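See structure below.
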Amino acid sequence: MDPIDLQIMTELEKNGRMTNSRLAEKVGLSPSPCLARVGRLERAGYIVGYRARLNVAKIAELVTVFVEITLQDRSRSTVSRFEQKLKTIDELCECARVSGDCDYILKFVTRSVTHYSETIMKIVEESGLVDRYFSYFVVRSFDLGERGFLDRIQLAD
């Protein structure tokens with residue numbers, strides 16, 4: 000990976016619908032080599048998909064909840080079983096294994112508080128692996144605009 004590859008990924012992160020011609024222009028390549036680089040980045044797993052950002056509030060009034068989960072123990076078996084359970088939960092949008100006072104931070108988007116309550120109880124009761132959890136209901140969120148990841152960090156050489 001070279002600086003041009005990083006430039007390509009930065010531009011695509013900002014606008015995944017950009018035409019190849021426009022992308023090539025932005026990174027200083029002709030269209031054919033640019034398309035070849037994008038294909039190589041996709042095949043190598045650096046680019047794993049393209050998706051639209053949706054304004055969910057315009058679609059439906061939903062409840063967003065962040066949850067701290069602490070497991071009963073941190074054995075490989077417990078972690079593996081818990082993560083397999085999480086993969087079956089449609090309402091789960093994001094999951095991060097973290098250090099600190101809890102083991103996981105989860106993000107749910109559900110139809111209602113009742114729906115969230117049913118979802119978290121399903122996880123707790125069916126897995127039998129959760130020691131405790133704390134729920135944080137989002138009361139307001141706001142758009143930070145088009146903020147790509149790669150253009151905000153300094154990658155090591």
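Numbering that gives the first Met the number 0 puts the first residue of the sequence shown at 0, with every later residue one more than the last. Beta carbons: idealized from backbone N, C-alpha and C, even for Gly. Because the structure is a prediction, the values reported are computed rather than measured.
- A residue is called buried once 16 or more other Cβ atoms fall within 10 Å of its Cβ, and Met120, having fewer, is exposed.
- Taking a cut-off of 8 angstroms for Cβ pairs, the segment 34 to 52 and the segment 89 to 96 do not touch, as fewer than three such pairs fall below it.
- Taking the C-beta atoms as reference points, Val62 is found no nearer than 8 angstroms to Ser134.
- 8 angstroms or more divides the Cβ of Lys84 from the Cβ of Ile58.
- Within the segment 14 to 67, the complete alpha helix (DSSP H) segments at least 4 residues long are 19 to 26, 30 to 42 and 55 to 58, listed from N- to C-terminus.
- Taking the Cβ atoms as the reference, Leu22 lies roughly 7 angstroms from Leu11, within the contact range of under 8 angstroms.
- Taken in chain order, the unbroken stretches of alpha helix (DSSP H) that lie wholly in the segment 64 to 109 and span 4 residues or more are 75 to 85.
- Separation of Ser79 and Arg42 (C-alpha to C-alpha, rounded to the nearest whole angstrom) is 28 angstroms.
- One Cα belongs to Asp130, the other to Ser111, and the distance between them is close to 24 angstroms.
- Along the segment 109 to 140, the alpha helix (DSSP H) occurs as fully enclosed runs of 4 or more residues at 112 to 126, listed in sequence order.
- With respect to the 8 angstroms criterion, Pro32 and Asn19 are not classified as neighbours on the basis of their beta carbons.
- Looking at Leu149, Ile7, Gln71 and Val55, the one whose alpha-carbon comes closest to that of Glu24 is Ile7.
- Around Asp142, the same chain offers no residue with a beta carbon nearer than 6 angstroms, after the five sequence neighbours per side are excluded.
- Straight through space, the alpha carbons of Gln71 and Gly99 are spaced by roughly 15 angstroms.
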